[in-house]
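Below: one structure, written as structure tokens.
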Amino acid sequence: MLVAANKPLTTWASMNLFKSAVVCMAFVAADGGKISAETPPTAVSADSVKLPESTNSIGMEFKLIPAGTFTMGEGDDAHEVTLTQPFKMGVHEVTQAQYEKVMGVNPSGFRGADNPVEKVSWNDAVEFCRKLSELPAEKAAGNVYRLPTEAEWEYACRAGTTTKYSFGDDESELGNYAWSLENSGDKTHPVGGKKPNAWGLYDMHGNVWEWCRDWYDEFSRGELTDPPGPVTGSGRVIRGGGSSLAAEHCRSTSRLWSRPTDRFSGFGFRVCLSPCGK
């Protein structure tokens with residue numbers, strides 16, 4: 001079951017979103033050493049920033065996202081969120097080659113080693129994180145992988161912006177940054193084929209929907225700090241839009257939910273790393 005935020009299911013079904021369905025860890029800094037997470041949050045610029053980066057044992061690239069405060073959501077749902085800890089975010093959506101290397105299978109409908117893995121459930125994505133964390137090199141480095149929280153995801157997507165998209169409000173520019181219904185041929189494409197956002201993250205708009213750690217619920221009002229999301233629910237959050245979605249549904253704030261067992265075409269994910277105790 002695929003459900004849109006603030007829209008009845010019948011509205012989204014009629015849009016034909018997906019044609020195959022009615023959809024104590026320490027992290028390592030770029031120089032290989034441990035970093036402190038005690039620096040207080042500061043304002044983050046929307047200009048392009050060269051963030052520290054690293055690569056893990058299976059070739060996944062990460063950017064070190066700084067702590068900070070931002071406005072999450074839009075309109076009546078807009079609220080201030082502070083993330084007090086830096087975290088590492090995958091530069092790309094998890095590819096089919098990476099997924100198969102860890103899980104031994106490739107469930108994707110749109111095949112391509114460098115295409116994002118899709119047709120994976122939330123449960124599958126969590127299991128991938130667990131198995132990746134158990135690889136000898138990752139275990140030795142103290143790397144524990146997980147899905148990003150919804151707040152972390154939107155913060156990383158926005159990269160310091162307050163506009164509809166990470167590149168601004170001009171929808172006609174989306175084709176330079178994303179694979180959406182307007183340019184995808186209704187299929188996924190190799191990751192990193194478009195421009196990144198200001199923090200060097202690719203495909204935050206379009207290509208595949210990305211699972212987040214949170215249960216879905218309506219946004220809370222007021223200021224929040226390191227929100228973990230609801231304690232329970234019936235569906236998990238997915239973000240970012242996909243190659244079968246029109247531009248308006250690939251905004252930085254676009255959010256849906258689906259059951260954690262759902263394996264729809266166009267459902268993928270990216271992973272992150274965070275400080276001890278998260």
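Residues 1 to 278 in the numbering used here are what the sequence shown spells out, letter by letter. Just so you know, even glycine gets a beta-carbon here, dropped at the ideal spot from N, CA and C.
{"Asked": "Does DSSP put Leu256 in a helix, a strand or coil?", "Found": "strand"}
{"Asked": "Since Pro148 contacts Cys272 with CB under 8 Å, what's their CB separation in whole angstroms?", "Found": "4 Å"}
{"Asked": "With H, G and I counted as helix, E and B as strand and the rest as coil, what does DSSP make of Gly75?", "Found": "helix"}
{"Asked": "For a quick check, are the C-beta atoms of Arg263 and Pro107 less than 8 Å apart?", "Found": "yes"}
{"Asked": "Is it buried or exposed for Asp169, if we count other Cβ within 10 angstroms and need 16 for buried?", "Found": "exposed"}
{"Asked": "Taking the C-alpha atoms as reference points, what is the distance between Asp226 and Ser274?", "Found": "12 Å"}
{"Asked": "Quick one: using the 10 Å Cβ neighbour count with 16 as the cut-off for buried, is Arg221 buried or exposed?", "Found": "exposed"}
{"Asked": "Closest to Trp122 by C-alpha separation, out of Gly233, Asp217, Arg213, Arg251, would be which residue?", "Found": "Arg213"}
{"Asked": "Select from Ser244, Thr232, Arg259, Glu218 the residue whose C-alpha is nearest the C-alpha of Thr253.", "Found": "Glu218"}
{"Asked": "Please report the straight-line C-alpha distance between Phe86 and Met72, rounded to a whole angstrom.", "Found": "Checking the sequence shown, residue 86 turns out to be Pro, not Phe. Cα to Cα, the separation comes out at about 17 Å."}
{"Asked": "Rounding to the nearest angstrom, what Cα-Cα distance links Tyr216 and Gly235 in this structure?", "Found": "6 Å"}
{"Asked": "If you run the structure through DSSP and keep just helix, strand and coil, what is Val90?", "Found": "Checking the displayed sequence, the identity of residue 90 turns out to be Gly instead of Val. Three-state result, Gly90: strand."}
{"Asked": "Please name the residue, chosen from Gly266, Arg239, Ser258, that lies closest to Trp153 on a Cα-to-Cα basis.", "Found": "Arg239"}
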